[in-house]
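Using this note's numbering, read the sequence shown as starting at 74 and increasing by one per residue.
In this text, a Cβ means the ideal position worked out from N, Cα and C, and glycines have one as well.
First up is the structure itself, then whatever we jot down about it.
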Amino acid sequence: VNGNVRALEIGSGSGAVSISLAEMGWSVTAIDVNPMAVAATRSNTHQKGGHEVDCIEGSFDEIASLRKGMFDLIVWNLPYIEIPSDPPSLEVIEEASMIDAGSEGWASELRAYLMANPFMLSPDGAVVLLYRTHPESPSKPEGWIMDGWATRTISSLFVGGEKLEVVGHWRPGLNEQPVHLEEVSSTMEYEFPGRYRFERVFADNQVSGKGRKDSEWITDPDGIAGTWSIASMAGLSPGILQIGLGAALSSAFNMHLKWPNDIVDGGYRKCGGVLSELLSNGRVRMGVGVNRYGQQIPGVETTGWDASLPTMAKTTATCVADAAVASALDAHPLIGNPNSENLRKSAWKEISEVLSRGHVAIVNGIHKRTVGIGENGEVLLAGNSHVISISEVDQIYWEVTS
């Protein structure tokens, strides 16, 4: 796909996934800690027509040749059985392949190894893992975002009381570092070269930050001021992109989303915001401002991520924001385009958490019940007899009732 050719499967088992990848045209390396699984992979590969799969016995952190493999795709059906408190009842090999070990599960061990050995994954490569997310396993997809990796659910399925999710992880921006400026009028005015599908700029000091309808955004010098340039809208409306990005950032910073683009805490105190701008060349700019500390603004209560994540440094927060933007909006060649329905659902989840605390929408003096998010990011409000759709933020006054 788009020049990507080398794949690694961790924990090949019978070899089914490796064989499927080889049939698609991938050059596949398969590994497994179980020698019987290695034998099965090799045998099944031969019986399925002799597809070229190089199968090696061992773990990903034991085989030195993998460190500079420059794999374009790494896949792993993660073990998810927790370490038993009683003496193990499984055989040693079974335990090694089925128990999710490590400080935060095998997913975190793989992520740490990839970060320590950056040539194992190609610059625009992807890691695709199958998690059990319900009941929770030690391995969790969210940990990747906190380490600066884009993360997106590709597919999910309930089987026998368990929820399985296939999740893609990748490094934003072809692993190229963002542009960092000491001072700028507004990051939304930065001229991007437009060579890549995902470009971004951050400023230490933003003199004239922009808010909604060209209002002034007071930039926290300890916070994040950045703009992302995305190659295309992937067929999505500016509204759904903006609200989907707001949801991704709210979740990453342990905050909530106030429709349509404000990042807030449970009391509606503003922490940050999102702006979107469609350019004549088809690219879209997404401006993001996130406070670390609350700012002194007359008539406005503000807060920052220090209230929810007090130990997070600015450098870490910048990486988290970059990963959140890529997770929501990047059209990765192996993971695919952002999905409108998923963006809408994530936005509704974040908005619902604030609404559940007693925030009510008032339109023309009449209380309305918020019932959903529309396909283009508009808010859906229910009255006594019908549902209305509103896309203009000034038409709604939000009242705190509890």
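Output needed for residue i: all residues of its chain with C-beta closer than 6 angstroms, excluding positions within five of it in sequence on either side, in chain order.
i      : result
Asp105 : Gly84, Ser85, Val111
Phe265 : Glu272, Ser302
Asn107 : Ile166, Ser170
Glu208 : Correcting the residue identity first, residue 208 is Pro in this sequence and not Glu. No residues qualify anywhere along the chain.
Asp127 : Thr102
For the candidate residues the options, whose alpha-carbon lies nearest to that of residue i?
i      : options                        : result
Ala304 : Arg358, Ile316, Ala298         : Arg358
Trp99  : Ser87, Leu203, Glu125          : Glu125
Gly312 : Thr300, Gly447, Ile461         : Gly447
Trp243 : Leu314, Glu255, Asp197         : Asp197
Val466 : Pro406, Thr391, Pro191, Ile316 : Ile316
Val280 : Arg270, Val274, Ile291         : Ile291
Ser181 : Asp145, Ser158, Ser195, Asp220 : Asp220
Glu423 : Gly362, Ser349, Phe326, Thr391 : Phe326
Ile218 : Ala95, Phe231, Ser324          : Ser324
Leu187 : Gly438, Trp222, Glu255         : Trp222
Ala394 : Val361, Gln369, Gly246         : Val361
Leu215 : Arg115, Arg184, Ile463         : It is worth fixing the name first, because residue 215 is Glu in this sequence and not Leu. Checked all of Arg115, Arg184, Ile463; the closest Cα to Glu215 is Arg184.
Arg140 : Ala396, Ser310, Met193         : Met193
Run through DSSP, which three-state label would residue i get?
i      : result
Tyr470 : strand
Lys343 : strand
Tyr186 : helix
Val35  : An answer regarding residue 35 cannot be provided, because it is not within the stretch 74 to 475 covered by the chain.
Glu414 : helix
Asn278 : strand
Leu330 : strand
Arg115 : helix
Trp222 : coil
Asp379 : helix
Asp395 : helix
Lys422 : helix
Thr300 : strand
My assumption, with CB atoms under 8 angstroms, is that residue i sits in contact with residue j. Please give the rounded CB distance.
i      : j      : result
Lys441 : Ala455 : 6 angstroms
Val436 : Glu472 : Wrong, their Cβ atoms sit about 11 angstroms apart, outside the cutoff.
Gly339 : Arg430 : 5 angstroms
Phe144 : Ala80  : 6 angstroms
Val240 : Arg225 : 7 angstroms
Gly246 : Ser212 : No, Gly246 and Ser212 are not in contact; Cβ-Cβ is about 25 angstroms, not under 8 angstroms.
Ser462 : Leu453 : 6 angstroms
Counting only the same chain and skipping the five closest in sequence on each side, list residues whose C-beta sits under 7 angstroms from that of residue i.
i      : result
Leu352 : Arg358
Tyr366 : Asp293, Asp295, Gly377, Asp379
Asp335 : Lys343, Gly346
Asn117 : Ser87, Gly88, Ile92
Ala95  : Val101, His124, Glu125, Val126
For residue i, list the residues DSSP reports as bridge partners.
i      : result
Val452 : Ile446, Ile463
Gly123 : Its beta-bridge partners do not exist; DSSP assigns none.
Lys236 : His207, Phe231
Asn150 : Leu203
Ile313 : Answer is none; Ile313 lacks a bridge partner.
Ala80  : Val101, Leu146
Ser349 : Met359
Asp197 : DSSP, once it has assigned bridges, lists no residue as partnering Asp197.
By Cβ distance below 8 angstroms, which residues in the same chain neighbour residue i in space, the five residues on each side in sequence not counted?
i      : result
Ile136 : Ile104, Ile129
Tyr341 : Lys331, Glu374, Val427, His432, Trp471, Val473
With a threshold of 8 angstroms, establish whether the CB of residue i neighbours any heavy atom of the ligand MG.
i      : result
Leu348 : With respect to the ligand MG, the structure shown offers nothing to examine, as it has no ligands at all.
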